[in-house]
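So the first sequence is residues 19 to 448, counted in this note's numbering.
Every residue, glycine too, gets a C-beta built ideally from N, C-alpha and C.
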Amino acid sequence: MNIVALVDCNNFYASCERVFNPALRDVPIVVLSNNDGCVVARSAEVKALGIAPGKPVYQIEDLIRKHNIRVFSSNYALYGDLSRRVMQTLAEFSPEIEIYSIDEAFLDFQGFSRRNLTAYGHEICATVKRWTGIPVSIGIAETKTLAKIANRLAKRSPKTKGVLDLSDLRWREKALAVTDVGDVWGIGGRYAKFLRTQGVNTALDLARCEEGWVKKRLSVVGLRTVRELNGIPSISMELAPPVKKQLCVSRSFGRPVTTLAEMEEALATYVSRAAEKLRRQNSAAGSVMVFMMTNRFREGPQYVNSTVIGLPVATDCTQELISYAIKGVKSIFRTGFHFKKAGVVFGDICPVSEVQMDLFDMKDREGSRRLMDAIDTISARMGKGLVRYAAEGFKQPWRTKFEKRSPRYSSCWEELAVVEAVAGCDGCEG
DNA sequence: TCTGGGGTCCTAGGACCC
DNA sequence: TCTGGGGTCCTAGGACCC
């Protein structure tokens, strides 16, 4: 029998902030999106206050003051590093693991069925907590979609102590009956609304829908979901991270951009980040799309535009990609607007080894390859951003804000956590 | 003053070809 | 008055995820 576990970190970003700062334990915490704009993560205390995810922070200033909520900018260096540690720990417990997102992983438990899976789950929770400081919950079931539901219930019910095994049929129906259709993995806001108009209100209602009808109204994706709810595995484990077909880097600006020069700097910077990602997966991009937009939430003249530049020869070389992107920027930039956000999307991505060459291509590709290797090596050894293109600008006044970021405790020498010895401390051993 | 970022997949419809 | 049929490819838009 197919058995899969979904391990999900509890309030991951908020939990990360607590790992190196015990004073934050039991204190309400929110973590903000880029530019310190919206709430993207909440501790349990904040969820209890009813603050919705995605809430713009300026709309909850009063609540923050009243309940003394601690507010943090996103600290991706910290979260990424702790995520890696959690995943490494999980890999000890199953030969097959799919890292689904920064805070979730599916473990294949096939062949484990004779064990007491609930006890095994508790052992995983305890080990991850001990080794990384991060609390996790685990849902176990025959399919990924059911494991998601099990996980959600495990988080909600204190009785489960963080682990719920739904592989027993008797429990499955009960679990589906208490799960709102909108809380099913794969059913978003639009589908949930539509399904409710059809009298489909719970996961159990959805599981009992006729397959032909589901396929017609929710496409084959919805059909897979329904089958999964009935215990038929229809979404397989992805053991290796898939090569990206599209790579995007976009950011809101810390303050409005009004000049072409600044817009070019910003785009050059984003292209540089995107090109690093591209090289990490050994790919080359065949097209570059750039876009820019004003702030749709503000009064004043609005402008949104984008342009795609097809490359004669696909490349992973930063300076070449920057030059195409700058051409795009020049073609769509207009003065007289306060730009809020811009970005770059690489498309027509193919493996570097399969790049179609051009008979009349005169570029020194071997030379650029060596340059890229050198830059990537320096960045890896000496720190990101140490070497960069002049086109990226120096002061970068438009940069995204992270004004409330905690120290990068685990990935930056200057910001390591400091432990002060206290005389007479009896908690120390040896 | 202040409203995130980065992805995937599927479908419908148009263009184009024979 | 009359206007085939079937296939492929591409793109835009819509849905979803964290």
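TODO: Express the C-alpha separation of E438 and D444 in angstroms, rounding to a whole number.
DONE: The pLDDT assigned to D444 is 49, lower than 50, so where the model puts this residue is not dependable; a value taken from the coordinates is nonetheless given after this. One C-alpha to the other measures close to 14 Å.
Open item on the list: Can you tell me which residues form a DSSP beta bridge with T353?
Closed with: BP columns for T353 are empty, so no partner.
- [ ] Identify every residue that forms a DSSP beta bridge with L24.
- [x] F124, G157
Open item on the list: Going residue by residue through the region 276 to 324, where are the continuous beta strand (DSSP E) segments of at least 3 residues, counting only ones entirely within it?
Closed with: 301 to 312
Open item on the list: Determine whether the beta carbon atoms of K419 and G272 lie at a separation below 7 Å.
Closed with: yes
- [ ] Determine the contact status of V322 and M307, defining contact as a CB-CB distance below 7 Å.
- [x] no
TODO: Would you mind stating whether D391 and S305 have Cβ atoms separated by less than 7 Å?
DONE: no
Task: Neighbourhood of C17 by C-beta distance below 8 Å, restricted to the same chain and skipping five residues each side - done: Summary: the structure shown does not reach residue 17, with the chain confined to residues 19 through 448, and so no result is reported for it.
Task: Classification of A137 by the beta-carbon crowding that lies within 10 angstroms, buried from 16 upward - done: exposed
- [ ] State the Cα-Cα distance for the pair D186 and G55, rounded to the nearest angstrom.
- [x] 44 Å
Task: Residue from M400, I115, L67 whose Cα sits closest to the Cα of P259 - done: I115
Task: Meets three-Cβ-pair contact criterion under 8 Å: the region 278 to 291 and the region 374 to 382 - done: no
- [ ] Put A418 into one of helix, strand or coil per three-state DSSP.
- [x] In the sequence under discussion, the amino acid at residue 418 is Thr, which differs from the Ala named in the question. T418: coil per DSSP, three-state reduction.
Task: Three-pair Cβ contact test at 8 Å for the region 20 to 37 versus the region 121 to 134 - done: yes
Open item on the list: Only counting the same chain, and skipping five residues up and downstream in sequence, which positions put a Cβ closer than 7 Å to that of L236?
Closed with: Y209
Open item on the list: Let me confirm a value: T163 is counted as buried when at least 16 other C-beta atoms fall within 10 Å, else exposed. Which label applies?
Closed with: buried
Task: For F351 and I142, the rounded distance between their alpha carbons - done: 53 Å
Task: Beta-carbon contacts of I82 that lie in its chain and below 7 Å, excluding the five residues immediately before and after - done: V89
Open item on the list: Taking the straight line between their C-alpha atoms, what separation do you get for N29 and T353?
Closed with: 43 Å
Open item on the list: I'd like the list of long-range same chain contacts for H85, defined as Cβ closer than 7 Å, with 5 residues on each side in sequence excluded.
Closed with: P46, L67
Task: Supposed contact pair K166 and G157 - C-beta distance, whole angstroms, cut 8 Å - done: 6 Å
Task: Cβ neighbour criterion (16 or more within 10 Å) applied to S78 - done: The identity of residue 78 in the sequence shown is Ile, whereas the question assumes Ser. With 16 or more other Cβ atoms within 10 Å, it is buried.
- [ ] Give the single residue among Y288, M380, L296, P274 whose Cα lies nearest to the Cα of I344.
- [x] Y288
Open item on the list: Using the three-state DSSP reduction, which class does F130 fall into: helix, strand or coil?
Closed with: coil
TODO: Specify the secondary structure class of K348 as computed by DSSP and reduced to three states.
DONE: helix
Open item on the list: Using only the alpha-carbon positions, how far apart do T395 and K233 sit?
Closed with: 49 Å
Open item on the list: Tell me the DSSP secondary structure of R83 in three-state form.
Closed with: helix
TODO: My understanding is that V75 touches A59, with C-beta atoms under 8 Å, so please give their C-beta distance in whole angstroms.
DONE: Wrong, their Cβ atoms sit about 12 Å apart, outside the cutoff.
Open item on the list: Can you find the residues in the same chain that come closer than 7 Å, C-beta to C-beta, to V244, ignoring five residues on each side of it along the sequence?
Closed with: L224, A225, C227, E229, V232
TODO: Would you check if the distance between the CB atom of L171 and the CB atom of A195 is smaller than 7 Å?
DONE: no
Task: beta strand (DSSP E) segment containing R88, residue limits - done: 88 to 90
Task: Proximity of D198 and L135 at Cβ, strictly below 7 Å - done: no
TODO: Determine the extent of the alpha helix (DSSP H) in which L187 is found, giving its start and end residues.
DONE: 187 to 195
Task: One or two residues paired with C34 in a DSSP bridge - done: DSSP lists no partner for C34.
TODO: Pair every Cβ in the region 144 to 157 with every Cβ in the region 26 to 42, then say whether three or more of these pairs are closer than 8 Å.
DONE: yes
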